[in-house]
Structure formats: structure tokens, C-alpha cells
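Below is one structure, written out as C-alpha cells; the observations come after it.
Numbering (my numbering), first residue to last: 9 to 137.
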């Protein structure tokens, strides 16, 4: 059930999965649309996992969204959004951008995360796609 999913997400994050997803997106996402879509989807899923695993303090303690931001996720997302313009890529980019933005529901600082995403050019890159 959800407990197993949350435990696996904790394990994935502690093993460096968030940073690896951003690295793959940064390194290969611009050249390969399939890698871009996969990387964007993983970033989106990791951010959204905080809602799925509300009752999993171990997951919250991993600081998934902070790790993604520190690894350069906003810039990686922008790079992918600028290179790929299929509907699938655009939807994946929008999902990742939305998830990387601060969420009051998740008890985050709306201003900080939203500013980091905006400073990377995420909103303008998607609007110009």
C-alpha cells in the first residue's frame, strides 16, 4: 500500500535518486526527448510524493524538494522545455514546474521556491514553447 510506496521513496531519495534524476535531465534531456520526459516526470512525482505520504515523517525529513532545487532542477527543467515542444514534453515540463513551485499545502515557503523557479526562466520558457 501507500506505506510501502513511501518507504521506497525514502530509500530512493536517500540513495541520491533526486540528484540523479536532475543530473540525467541536465546532461541528456536536451538531446533526447525520452530522457527529458522521464526526468521531468520523476521530478514531478518526487515533489508530489509529499502529499501522498503525509503521514511519513521520514519522507518529509529527506527534504526531497530542497534536494531537487539544490541539484539545479529548475534550470534542468527549463533546458528541457526549451528544446522539446511536443505536447507530451510540454505537459511534463508544466508538471515539473508546478511541482517545484512552493506549496502552502506542503507547508513550504511559497516565495522561495517560486522565486527559484521563476529566476531559472521556467515560466517564460513554457509560455514561449
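Even for Gly, the Cβ is constructed at its ideal location relative to N, Cα and C.
A check of alpha carbon separations from residue 19 across 97, 39, 64, 48 identifies 64 as the nearest.
For residue 40, no alpha helix (DSSP H) run applies, since DSSP gives it neither H nor E. Membership of residue 78 in the alpha helix (DSSP H) is indicated by the continuous run 72-78. With a 10 Å radius around the Cβ and a threshold of 16 neighbouring Cβ atoms, residue 136 comes out exposed.
In chain order, 107 place their CB closer than 7 Å to the CB of residue 56, counting only its own chain and leaving out the 5 sequence neighbours on each side. By the neighbour-count definition (other C-beta atoms within 10 Å, threshold 16), residue 52 is a buried residue. Counted as a single uninterrupted DSSP element, the alpha helix (DSSP H) harbouring residue 87 occupies residues 81-91. C-alpha of residue 88 to C-alpha of residue 82: approximately 10 Å in a straight line. Within 10 angstroms of the beta-carbon of residue 44 lie 16 or more other beta-carbons, which makes it buried. Under the DSSP assignment, residue 103 falls in the alpha helix (DSSP H) whose first and last residues are 95-108.
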